[in-house]
Amino acid sequence: AAGGVQTYTQNIKVRFLQPPPIPPPGPLIIKEVRPPQPPAPPPLRIRQQAPAPRPL
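Numbering (full-length UniProt numbering), first residue to last: 1 to 56.
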């Protein structure tokens, strides 16, 4: 076909890939991450003394 329209036929196969099955959920483990605690303050010492006698 000189100068005519040529039609090409192409066979295409399309496959949609299935994602893998989702595994069943296991035990839920939640770990709380806390910043390190500051060191404990030194013990508080309270001494009780009788007031000094006042000079007369």
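No residue lacks a Cβ here, since even glycine has one placed at the ideal position from N, Cα and C.
Straight-line Cα distance separating Ile22 from Gln6: When rounded, the distance between both Cα atoms is 49 angstroms.
I'd like the ranges of any alpha helix (DSSP H) spanning at least 4 consecutive residues and lying wholly in the UniProt region "Disordered" (16 to 56). Scanning the UniProt region "Disordered" (16 to 56) for uninterrupted alpha helix (DSSP H) segments of 4 residues or longer gives nothing; none is fully contained.
Would you report the Cα separation of Glu32 and Pro42, rounded to the nearest angstrom? Whole-angstrom Cα-Cα distance: 28 angstroms.
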